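Residue numbers (this note's numbering), protein chains in the order written: chain A, 471 to 811; chain B, 471 to 811; chain C, 471 to 811.
Beta carbons are placed, not taken as given, at the ideal position from N, Cα and C, and that holds for glycine.
All values derive from a computational prediction rather than experimental measurement.
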Amino acid sequence: MPKKTLQEIADHIGGRVIGSGEALIESASTLDQTGPGQLTFLSNPNYAPRVQETQAAAVLVAEEVETDAAQIIAEDPYYAFMQAVVLLHGHREHPKMGLSKRADISKSAKIGQNCNIHPFAMVSENTVIGDNCQLYSGVFVGDNVTLGDDCILYPNAVIYDGCQIGNRVIVQSNASVGQDGFGFATHNGEHHKIPQIGIVILEDDVEIGSNSVIERGTLDNTVIGKGSKVGDAVAVGHGTKIGPHCLLVPQAGIAGSAELGQYCVIGGQVGVVGHIKIGNRVKVGAKAGVINNVPDGATIVGTPAIDANKAKRAYALIETLPDMRKKLRTLGKEIDRLKDK
Amino acid sequence: MPKKTLQEIADHIGGRVIGSGEALIESASTLDQTGPGQLTFLSNPNYAPRVQETQAAAVLVAEEVETDAAQIIAEDPYYAFMQAVVLLHGHREHPKMGLSKRADISKSAKIGQNCNIHPFAMVSENTVIGDNCQLYSGVFVGDNVTLGDDCILYPNAVIYDGCQIGNRVIVQSNASVGQDGFGFATHNGEHHKIPQIGIVILEDDVEIGSNSVIERGTLDNTVIGKGSKVGDAVAVGHGTKIGPHCLLVPQAGIAGSAELGQYCVIGGQVGVVGHIKIGNRVKVGAKAGVINNVPDGATIVGTPAIDANKAKRAYALIETLPDMRKKLRTLGKEIDRLKDK
Amino acid sequence: MPKKTLQEIADHIGGRVIGSGEALIESASTLDQTGPGQLTFLSNPNYAPRVQETQAAAVLVAEEVETDAAQIIAEDPYYAFMQAVVLLHGHREHPKMGLSKRADISKSAKIGQNCNIHPFAMVSENTVIGDNCQLYSGVFVGDNVTLGDDCILYPNAVIYDGCQIGNRVIVQSNASVGQDGFGFATHNGEHHKIPQIGIVILEDDVEIGSNSVIERGTLDNTVIGKGSKVGDAVAVGHGTKIGPHCLLVPQAGIAGSAELGQYCVIGGQVGVVGHIKIGNRVKVGAKAGVINNVPDGATIVGTPAIDANKAKRAYALIETLPDMRKKLRTLGKEIDRLKDK
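Listed below in C-alpha cells is the structure:
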C-alpha cells in the first residue's frame with residue numbers, strides 16, 4: 471500500500487492539519503486498534519475519551535481535541551474518513567480477464583467495452599450489458615436483461631429475465647433479483663401459480679447485499695430507487711417500491727406492494743406488511759413490525775411499531791407486568807376493605 | 471403478445487361478458503395502473519370504488535359493478551384472473567438447449583426426455599431426473615437424487631445427495647435443499663457433528679423460494695407436503711414435516727421436528743419452535759413467535775402467539791403501559807388518602 | 471450399510487450392554503420411528519415413557535430403564551449416540567475427482583494434497599488451500615484466501631478475497647463469507663461506499679450454514695471463533711467477534727461490531743444490535759432482541775431481552791392487558807364512589 475503524508479490526505483479531503491503534516495500514514499483503522507502509521511477518526515462524541523488514549527499517528531475530527539496524535543479537522547469527519555480510506559486503500563480491484571472463454575455468453579447479447587466476464591458466468595439471450603461491468607464466476611443473467619455501465623455482479627448473483635439494472639449497481643454474492651413473486655390463486659384446494667409478469671428495476675447506484683431476495687412484480691414492477699442500499703439477506707416482495715436513497719439493514723423484509731419514500735432507514739430484521747405506505751425520511755428501529763401507514767419523518771419501533779420515544783418507555787415496562795398485576799390485586803383488596811368499613 | 475377478445479377470455483375462464491365481447495385485450499394489470507387494452511380484476515371489495523375510476527378496458531368481478539369498463543363476471547375472480555394472465559402472458563418459457571455440453575452430467579445419471587440442462591449445471595452420480603425438467607446454470611444436484619417430471623431448478627439452486635423431489639416441483643435461484651441439519655452433540659466442551667442421515671422430500675407441486683434453506687433430517691426425513699409453497703428466504707429445520715397445501719411466506723422459520731398440518735398459512739418472519747404440532751388450516755400472523763401446539767383452525771399472532779383477536783387488542787395496549795403505571799400509582803395514593811381518613 | 475453387533479457398538483463408545491450383545495444393528499433412528507435392527511437413544515428424560523414402547527432393537531440410555539429392548543448404558547447418551555451414528559453411517563463421503571479440468575484454478579494458487587476441486591469451482595490468484603479439501607461445484611474462492619486442511623466448501627459457497635479459513639472448516643451451500651460490510655458515509659444526500667478493508671477469519675472447526683452471510687470488516691476483522699457453529703440463513707455483521715464454541719441457530723442476526731464470548735447459544739431469529747458485548751455462556755431465547763450488554767451466564771429472552779424467568783411470566787401477561795385496563799377503570803370508579811361517601 472502506498473503511504474501518504476498527513477498533509478496529502480488533508481489536502482485530498484479538504485481538511486486542516488494540526489501537528490506535523492509530514493507524518494506518513496499507511497492505513498486506516500478504528501479508534502481502538504490503532505498503531506503507528508495509522509489514521510483513525512472520531513464522529514461519535516461518546517467516543518471522545520478514547521481519542522486521548524489512541525495510539526494512532528493521526529485522528530480525523532470535527533473540532534480540535536486534546537490528544538498526542540496529530541489531527542485533521544474536517545467538517546464531516548466520517549465522510550472525510552471514507553475519502554481517506556479510499557485514498558489509502560482504494561476500492562476492490564477486479565481481475566482483468568476480459569470475456570472468459572469459459573463464460574457462456576449468448577451470441578445475441580450485447581456486451582459493452584472493458585467488461586470482465588469470468589468463467590462459469592452466463593449471459594442469456596438479447597441481454598445488453600454496459601461498459602466496464604464485472605460479472606464474477608457463477609453469475610447468471612437471464613434473457614432480455616439490461617445492465618448499465620460500471621456494474622459489479624459478485625459470484626453466483628442471479629438476475630432473472632427482463633430485469634432492468636441501472637449504472638454503478640452492485641449485487642453481492644448469492645443474491646437473487648427478479649425471481650417469481652409469492653403469488654398464488656387458491657381454487658378448489660390448490661394453489662395455482664400466477665405468472666409474475668412484472669420485473670425488477672434497480673436504479674442507478676443501488677447496492678444489493680449477499681443472499682438478498684428481490685421478487686419481480688406480479689403485474690407492476692418492483693423498484694429499488696436510485697442510491698438505495700440493501701443489506702444482506704433482505705427480502706423485498708413483489709411490486710414493492712423502495713424510494714431513492716433508502717438504507718435497508720440486513721434481514722429486513724418489506725412485503726409486496728408496500729411503498730417507501732426517500733431516505734428511509736429500515737433496521738435489521740424489521741418487517742413491513744404489504745400494501746402500506748411509508749413516507750419520506752422514516753426511521754424504523756431494528757426488529758420492528760410495521761403494520762400501518764407511516765407519515766414523513768416518523769421514527770418508530772416495536773411490534774406493532776409505534777413512535778420510538780413512546781415505545782422505548784412502553785416496551786421496557788413489559789418487564790413490570792407481573793408487578794403491575796400484583797399491585798392491581800392489592801389495590802382491589804384494599805378497596806374491598808375500605809368498602810367494608 | 472397475442473391479443474385476445476374479451477369474449478375469448480370469458481369463454482376460457484367460464485365467465486360472462488357485460489359490454490362488448492369484441493374489445494381486444496393485450497395484457498393484464500392492477501386496478502391502479504391500467505390503460506386501454508388492459509384487463510384488471512376486483513377480488514377485495516375494499517377496492518370497489520377504484521373500479522369506477524379504472525382506465526382498464528375490462529374488469530373481472532364476482533358481481534356486476536358500476537363502471538365504464540366492460541366486465542367479465544366470474545365466480546372466483548382472482549382465480550379467473552390468474553387463468554386470464556396465463557392465457558395472455560403464459561408462464562415463463564425456458565430456453566431449449568437440451569443437455570449442454572458445458573453441463574457436467576454423471577454417466578451414471580439417468581436423464582428423462584426433453585430436459586434442458588444448462589451450462590455449468592452439475593448432475594451427480596446415480597441421480598434420476600424425469601422428463602421435461604429444466605436445470606438452469608449453476609444448479610447442483612447431488613448423488614442419488616430423484617427428480618420427477620416437469621421440474622424447474624432455477625440458477626444456482628442446490629439439491630444435496632439423496633433427496634427425493636416429486637413432479638412439477640419448482641426451486642427458485644440460490645435455494646438450498648438437503649444441507650446438513652443443525653445437529654451437534656456437545657461433549658467435553660466441543661460440538662461434535664452428528665451425521666444427518668435423513669433426506670428432504672419435496673412432494674409434487676411444491677415450490678421453494680429463492681435463498682430458502684430446507685435442512686435434511688438427522689434421522690428421519692424433512693418433508694414438504696404436496697402443493698405447499700415456500701416463499702423466499704424461509705428456513706425449515708431438520709426432520710420438520712410441512713403438510714400439504716401450506717403457504718410459508720418469506721423469511722418464516724420452522725424449527726426442527728415441528729409438524730404442520732394441511733392448508734396452514736405461516737406469515738412473513740414467523741418463527742415456530744421445534745418439536746411442536748400445528749394443526750390443519752392454522753393461520754399465523756406475520757412476525758409471530760409460536761411456542762406451543764396449535765389446534766386446527768386457529769388464527770394466532772404475537773410473540774408469544776395467542777388468538778389473533780385477543781392479540782390485536784392486547785398487543786396494541788403495550789403502548790398504554792406508561793399510562794397504566796401512572797394510573798396505578800395515582801390509585802394507590804388515593805387509596806392511601808382514603809385509608810388515612 | 472455394514473451391520474454391527476450391539477457389543478461392537480458398546481465397545482466403540484465405551485458403554486455397557488444390558489441384554490444380548492449379539493443383536494445386529496443396522497441403522498440409527500429416533501425413538502418413535504424405529505424398527506428391528508435399529509438403535510435409538512434417550513437423552514431427554516421427558517421422553518422416558520416412549521422407551522417402554524419403542525420397537526427398536528436397542529436403546530442408548532444414561533441409566534437402566536424398563537423396556538423390552540436391549541440397552542447400552544453410557545454416561546452421555548447423546549454423545550454416545552452421535553458416535554454410534556458415525557460408526558453405523560459415517561459422515562458424507564465426497565466424490566474423488568482430484569482437480570477437475572472443468573474447475574478454474576489460478577496458476578498462482580497453491581493446492582494441498584488429496585484435494586477434490588469440482589467442475590465450475592473457481593480458485594483465484596495467490597490463494598492457498600490446504601490438504602484434503604473438498605470444493606464443490608460452483609464454489610468461488612477469491613484472491614489471497616488461505617484455507618486450512620480438511621475443509622469442505624459445499625456447492626456455490628462464496629469466499630471473498632483475503633479471508634482466512636482454518637482447518638476442518640465447513641461452509642454449506644450458497645453461503646457468503648467476506649462480502650462487503652454494510653458501511654456507507656452519507657454526505658450531501660448520497661450514501662458513499664466505504665471500502666471494507668477488514669477480512670473474515672473463520673477459526674478451526676467452524677461450520678457456516680447454507681445461505682448464511684458473514685460480512686467482512688470495515689477496518690478490523692470479523693471473527694468466528696474456534697469450534698463455533700453457525701446455522702442456516704444467519705447474518706453476522708462487519709467487525710463482529712463471535713467467541714469460540716458458540717452456537718448460532720438459523721436466521722439469527724448479529725449486527726456489526728458486537729462481541730460474543732465463548733459457549734454462547736443464540737436462538738433462531740434472535741437479533742443482537744451492534745457494538746454491544748455479550749459475555750460467556752450466555753443463552754438467548756429464540757426471536758429475542760438484545761439491545762444491551764449481557765453478563766456472563768445470563769439466560770435472556772424477549773424484545774427487549776430480559777432475564778428468561780422474568781420474561782416467561784412478563785410476556786405471557788401481555789395477553790391480560792385488556793383485562794388489566796378494565797380492572798384499572800373499575801378500581802378508579804370504585805375509589806371515586808368511596809371518595810363521594
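Problem - Extent of the continuous beta strand (DSSP E) to which L509 (chain B) belongs - result: Translated into positions along the second sequence, residue 509 (chain B) becomes position 39. Looking at the DSSP string, the run of the beta strand (DSSP E) that includes L509 (chain B) is 508 to 511.
Exercise for the section: State buried or exposed for S578 (chain A), treating a residue as buried only when at least 16 other CB atoms are found within 10 Å of its CB. Expected result: One-based indexing of the first sequence puts residue 578 (chain A) at position 108. By the neighbour-count rule (16 or more Cβ atoms within 10 Å), S578 (chain A) is not buried but exposed.
Exercise for the section: Go ahead and label H715 (chain A) buried or exposed: buried means 16 or more other beta carbons lie within 10 angstroms of its beta carbon, across all protein chains shown. Expected result: Numbered from its first residue, the first sequence carries residue 715 (chain A) at position 245. Label assigned to H715 (chain A): buried.
Exercise for the section: Name, please, each residue of chain B whose Cβ falls closer than 9 Å to the Cβ of G755 (chain A). Expected result: Looking up residue 755 (chain A) in the first sequence gives position 285. Those within 9 Å of G755 (chain A) in chain B number zero; the least Cβ separation is about 14 Å.
Problem - Partners in chain B for Q649 (chain A), counting only beta-carbon separations shorter than 8 Å - result: Taking the first sequence and counting its residues from 1, the one referred to as residue 649 (chain A) is at position 179. What Q649 (chain A) touches in chain B: Y624, Q642, S643, G679, S680, D702.
Practice task
Would you please verify whether the beta carbon of Y517 (chain A) is less than 7 Å from any beta carbon of chain C?
Solution key: As a working note, residue 517 (chain A) is residue 47 in the first sequence. No, because no Cβ of chain C sits closer than 7 Å to the Cβ of Y517 (chain A).
Handout entry: Unbroken alpha helix (DSSP H) run spanning E478 (chain A), endpoints
Key = Locating residue 478 (chain A) in the first sequence gives position 8, counting from the first residue. Residues 476 to 483.
Exercise for the section: Please list the partners that D690 (chain C) has in chain A, where partner means a Cβ-to-Cβ separation under 9 Å. Expected result: Walking along the third sequence from the start, residue 690 (chain C) turns up at place 220. Per Cβ cutoff of 9 Å: S499, T500, D502, Q503.
Problem - Beta-carbon proximity of R686 (chain B) to V670 (chain B), cut-off 7 Å - result: Here residue 686 (chain B) refers to the residue found at position 216 when the second sequence is read from its first residue. Here residue 670 (chain B) refers to the residue found at position 200 when the second sequence is read from its first residue. Their beta carbons are under 7 Å apart, which means R686 (chain B) touches V670 (chain B) by this criterion.
Exercise for the section: Check the DSSP bridge columns for M592 (chain B) and list the partner residues they point to. Expected result: Your numbering for residue 592 (chain B) matches position 122 in the second sequence. Answer by DSSP bridge pairing, in chain order: B:D574, B:F610.
Problem - chain C contact for G765 (chain B) (CB, 7 Å cutoff) - result: Your numbering for residue 765 (chain B) matches position 295 in the second sequence. Correcting the residue type first, residue 765 (chain B) is Pro in the shown sequence and not Gly. False, the Cβ-Cβ gap to chain C never drops below 7 Å.
Practice task
Taking 8 Å as the threshold, find out whether the stretch 789 to 806 of chain C comes into contact with the stretch 780 to 796 of chain B through three or more Cβ pairs.
Solution key: Segments in contact, yes.
Exercise for the section: Mind checking who I736 (chain B) pairs with in its DSSP beta bridge? Expected result: Within the second sequence, numbered from 1, the residue matching residue 736 (chain B) stands at position 266. Partner(s): B:L718, B:V754.
Problem - Three or more C-beta pairs below 8 Å linking the stretch 672 to 680 of chain C and the stretch 670 to 685 of chain A - result: no
Practice task
Please decide whether P424 (chain A) counts as near chain B, where near means a Cβ-Cβ distance under 7 Å.
Solution key: Not covered by the structure: residue 424 (chain A). The range shown for chain A is 471 to 811.
Problem - Beta-bridge partners of R486 (chain A), as assigned by DSSP - result: One-based indexing of the first sequence puts residue 486 (chain A) at position 16. A:I543.
Exercise for the section: Using beta-carbon positions only, say whether V641 (chain B) and L617 (chain B) come within less than 7 Å of one another. Expected result: Counted from its first residue, the second sequence places residue 641 (chain B) at position 171. Counted from its first residue, the second sequence places residue 617 (chain B) at position 147. Not closer than 7 Å, so no.
Exercise for the section: Could you tell me whether the stretch 580 to 593 of chain C touches the stretch 602 to 609 of chain C, using the rule of 3 or more Cβ pairs below 8 Å? Expected result: A contact exists between the stretch 580 to 593 of chain C and the stretch 602 to 609 of chain C.
Practice task
Return yes when the Cβ of G749 (chain B) is within less than 7 Å of the Cβ of P765 (chain B), no when it is not.
Solution key: In the second sequence, counting from the first residue as 1, residue 765 (chain B) sits at position 295. In the second sequence, counting from the first residue as 1, residue 749 (chain B) sits at position 279. Yes. Within cutoff.
Exercise for the section: Please report how far the alpha carbon of V743 (chain C) lies from the alpha carbon of Q739 (chain A), in whole angstroms. Expected result: Numbered from 1 along the third sequence, position 273 holds the residue referred to as residue 743 (chain C). Numbered from 1 along the first sequence, position 269 holds the residue referred to as residue 739 (chain A). The straight-line gap from Cα to Cα measures roughly 11 Å.
Exercise for the section: Return yes when the Cβ of S682 (chain C) is within less than 7 Å of the Cβ of S646 (chain B), no when it is not. Expected result: Taking the first residue of the second sequence as position 1, residue 646 (chain B) is located at position 176. Taking the first residue of the third sequence as position 1, residue 682 (chain C) is located at position 212. No. Outside cutoff.
Practice task
On the DSSP bridge assignment, give the partners of V760 (chain C) in chain order.
Solution key: Here residue 760 (chain C) is taken as the residue at index 290 of the third sequence, counted from 1. Answer is C:V742.
Exercise for the section: Between the Cα of Q583 (chain B) and those of B:I599, B:K747, B:G491, spot the shortest distance and give me the residue it belongs to. Expected result: Residue numbering aside, residue 583 (chain B) sits at position 113 when the second sequence is read from its first letter. Residue B:I599 is the option with its Cα nearest to Q583 (chain B).
Handout entry: Straight-line Cα distance separating N614 (chain B) from C633 (chain B)
Key = Mapped onto the second sequence, residue 633 (chain B) falls at position 163. Mapped onto the second sequence, residue 614 (chain B) falls at position 144. One C-alpha to the other measures close to 7 Å.
Practice task
Could you name the residues of the stretch 544 to 559 of chain B whose beta carbon sits closer than 9 Å to any beta carbon of chain A, in the order they occur along the chain?
Solution key: D546, Y548, Y549, A550, F551, M552, Q553, V555, V556, L558, H559
Exercise for the section: May I ask you to report which of helix, strand or coil DSSP gives F652 (chain B)? Expected result: The residue you call residue 652 (chain B) lines up with position 182 of the second sequence. In the structure shown, F652 (chain B) sits in coil (DSSP, three-state: anything other than H, G, I, E or B).
Handout entry: Cβ of S607 (chain B) within 7 Å of any chain A Cβ
Key = Locating residue 607 (chain B) in the second sequence gives position 137, counting from the first residue. The beta carbon of S607 (chain B) falls within 7 Å of a beta carbon belonging to chain A, placing the residue at that interface.
Exercise for the section: Mind checking which residues open and close the alpha helix (DSSP H) that includes V529 (chain B)? Expected result: Start at 1 with the first residue of the second sequence, and residue 529 (chain B) comes out as number 59. For V529 (chain B), there is no enclosing alpha helix (DSSP H); the enclosing beta strand (DSSP E) covers residues 528 to 531.
Exercise for the section: Specify, as a first and last residue, the run of the beta strand (DSSP E) that V683 (chain C) falls within. Expected result: Start at 1 with the first residue of the third sequence, and residue 683 (chain C) comes out as number 213. Residues 683 to 685.
Handout entry: Proximal residues of chain C, C-beta to C-beta of I805 (chain B) below 8 Å
Key = The residue you call residue 805 (chain B) lines up with position 335 of the second sequence. Per Cβ cutoff of 8 Å: I805.
Exercise for the section: Please confirm whether A498 (chain B) and L512 (chain B) have their CB atoms less than 7 Å apart. Expected result: Taking the first residue of the second sequence as 1, we reach residue 498 (chain B) at position 28. Taking the first residue of the second sequence as 1, we reach residue 512 (chain B) at position 42. No, they are not a contact pair.
Practice task
Answer yes if the stretch 696 to 712 of chain A comes into contact with the stretch 687 to 698 of chain B, meaning at least three C-beta pairs across the two stretches below 8 Å, and no otherwise.
Solution key: Counting C-beta pairs with one atom in each stretch, the stretch 687 to 698 of chain B and the stretch 696 to 712 of chain A have fewer than three that are closer than 8 Å, which means they do not touch.
Handout entry: Listed by chain order, chain B residues near T790 (chain A) by CB distance under 9 Å
Key = The sequence position of residue 790 (chain A) within the first sequence is 320, counting from 1. Near T790 (chain A) (Cβ distances below 9 Å), the residues of chain B are L791, R795.
Practice task
Mark N658 (chain C) as exposed unless 16 or more other C-beta atoms lie within 10 angstroms of its C-beta, in which case mark it buried.
Solution key: Within the third sequence, residue 658 (chain C) is the residue found at index 188, counting from 1. The Cβ neighbour count for N658 (chain C), taken over all protein chains shown within 10 Å, is under 16; the residue is labelled exposed.
Practice task
Indicate the three-state DSSP secondary structure (helix, strand or coil) for H564 (chain C) in the structure shown.
Solution key: Taking the third sequence and counting its residues from 1, the one referred to as residue 564 (chain C) is at position 94. Three-state DSSP puts H564 (chain C) in coil, outside helix and strand.
Handout entry: Neighbour list for F590 (chain B) in chain A, Cβ cutoff strictly below 8 Å
Key = The residue given as residue 590 (chain B) occupies position 120 in the second sequence. In chain order: D574, F590, M592, G608.
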